[in-house]
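> Counting in the working numbering, the sequence shown runs from 365 upward without gaps.
No residue lacks a Cβ here, since even glycine has one placed at the ideal position from N, Cα and C.
Questions regarding the structure given below will be posed in turn.
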Amino acid sequence: MSAGLFGIHGRALEIRSQRIGVLTSNIANAATPGYKARDIDFAAALSARLSGQDSDAAMNGATRFRVPIMASLDGNTVDMATEQGAFAENAVAYSATLGFVASRVESLTRALRGE
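Listed below in C-alpha cells is the structure:
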C-alpha cells in the first residue's frame, strides 16, 4: 500500500493486523505456564513505519511485554479481561481504518470511471 495513496491508513492497517495476532497469541496462551503476554505500542510502531523502518524492525521495536496486574503462581502474565479489552479496542480501530481505506478505493474507482 502506498503511503501517498492511502496516507497513513495503509501502514496503520498493517500494524493493527499484526497487533491482532499478538493479542490472539496472548489469549491462546492464557493457560501456558511461564507465558509472558506481549502487546504492540501502536504509536511507536506507526512512527517507526512512517520514518522508513521496515515492518519487522518497527514491530520488534514496538513490541512490549505487558506488566501483569496480578502475579500468577505459574509465571503466566496473561490477564483475560485486559487481553479481551485490548482485542476489542484494536478490532474497532482496525475496522475504522479499513473503512478509510475502502472509502479511498471507492473514490478512486469513481474518479477512474469519470463519475
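Sorted by chain position, which residues of the same chain lie with C-beta nearer than 6 Å to A450's C-beta, five sequence neighbours on each side aside?
L387
> Between L472 and R380, what straight-line distance do the alpha-carbon atoms span, to the nearest angstrom?
24 Å
> Hey, how far is the Cα of M365 from the Cα of R375?
Because the pLDDT of M365 is 40, which lies under 50, any placement of that residue in the model is unreliable, and the number read from its coordinates should be weighed accordingly. The alpha-carbon atoms of M365 and R375 are separated by roughly 8 Å.
> Please tell me whether E453 and A401 are closer than 8 Å, where the distance is taken between their beta carbons.
no
> Name the two residues that bound the continuous alpha helix (DSSP H) containing D405.
If you look at D405, you'll find it isn't in any alpha helix (DSSP H); DSSP assigns it neither H nor E.
> Taking DSSP as the reference, what is the three-state secondary structure of T461?
Looking at T461 - three-state DSSP - the assignment turns out to be helix.
> Given that a residue counts as buried once 16 or more other Cβ atoms are within 10 Å of its Cβ, and exposed if not, what is T396?
exposed
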